[in-house]
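S.K.: Quick one: structure below, then a few questions.
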Amino acid sequence: HPNVPVRISLYAEWLNTGGNSYFNIPKSSLTNIPYNDEQSNANTNSAAGGITMNYNGIPGNNGNTYFSIETEGQYKIGINLNFFDQSSANSGMSVFAGIYTRNTTNLIKGIVNTVAGNHNKNDMNYFGQNTFTAASGDEIEIKLEFIGGNGNDPFPATTGGIACSICIEKID
């Protein structure tokens, strides 16, 4: 029906299950976030494709996920990054995450850019959101980088029931 708005969205998490083990994110290394649990994928547009999550199924730091965007338009991406090793030992550490063109260091848009270390607790959740314009057939990935600090390399957490997650939604 022409007056029904199109809804295209995807929600996924990076979970420590099924052999897809968590690993410490090496500092100063731009790292793909290997989302491995697609929990919702909706597309009400019968005339065009939606969003496809492509996880390579390899555990640990060889895991890799990218997203294929099949319908051009404006998209909103929100991510949660929940990590241990955020205490004073990592004072001065920063975290950056962004939307990248697949298999490149070509940053499309930043999502999170903040001080990560020197909190009075071991784990922290960082949330960020941004929009970007996609053409049909674009392939994107979310990459993360922690820089600085003298403590351990950050390790994913699910404290408070919050996993590292992503929500992608077409907004126009």
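Residue numbers (this note's numbering): 235 to 406. We put the CB at the ideal spot given by N, CA and C, even for glycine. All of these numbers come straight from a predicted model, not from anything done at the bench.
Taking the straight line between their C-alpha atoms, what separation do you get for Asn356 and Ser262?
M.R.: 20 Å
S.K.: Using the three-state DSSP reduction, which class does Gly193 fall into: helix, strand or coil?
M.R.: Look at the range of the chain in this structure, 235 to 406, and you will see that residue 193 is not part of it.
S.K.: Could you work out which residue in Gly291, Ser274 and Asn290 is closest to Thr284 when comparing CA atoms only?
M.R.: The sequence given here places Gly at residue 284; Thr does not occur at that position. Here the closest residue by C-alpha is Ser274.
S.K.: What runs of the beta strand (DSSP E), each 3 residues or longer, lie entirely inside the stretch 268-343?
M.R.: 271-277, 285-289, 299-303, 307-317 and 328-335
S.K.: With 16 as the cutoff for other CB atoms within 10 Å, does Thr216 come out buried or exposed?
M.R.: Because the chain spans 235 through 406 in this model, residue 216 falls outside it and cannot be assessed.
S.K.: What are the boundary residues of the beta strand (DSSP E) that Tyr245 is part of?
M.R.: Ile242 to Trp248
S.K.: Excluding sequence positions up to five away, which residues of its chain have a Cβ less than 6 Å from the Cβ of Gly385?
M.R.: Asp319, Ala323 and Asn324
S.K.: Measuring straight from C-alpha to C-alpha, what distance separates Met327 and Ala281?
M.R.: 46 Å
S.K.: Closest by CA to Thr299, which one among Asn266, Phe317 and Thr335?
M.R.: Asn266
S.K.: Expressed to the nearest angstrom, what Euclidean distance is found between the alpha-carbon atoms of Phe389 and Thr335?
M.R.: 25 Å
S.K.: For Leu249 and Pro239, I'd like the C-alpha separation in whole angstroms.
M.R.: Spanning the two alpha carbons is a distance of roughly 32 Å.
S.K.: Ignore the nearest five residues each way along the sequence and tell me which others in Asp372's own chain have a CB closer than 6 Å to its CB.
M.R.: Ile303
S.K.: Which of helix, strand or coil does DSSP assign to Thr393?
M.R.: Helix at Thr393.
S.K.: Report all residues from its chain with a CB closer than 7 Å to the CB of Pro260; omit the five preceding and five following residues, and keep chain order.
M.R.: Closer than 7 Å at the Cβ level, and outside the excluded window around Pro260, lie Asp387.
S.K.: Name the two residues that bound the continuous beta strand (DSSP E) containing Tyr360.
M.R.: Met358 to Ala368
S.K.: Should Ile400 be flagged as near chain B, meaning a C-beta pair shorter than 7 Å?
M.R.: No chain B is present in this structure, which holds just one protein chain.
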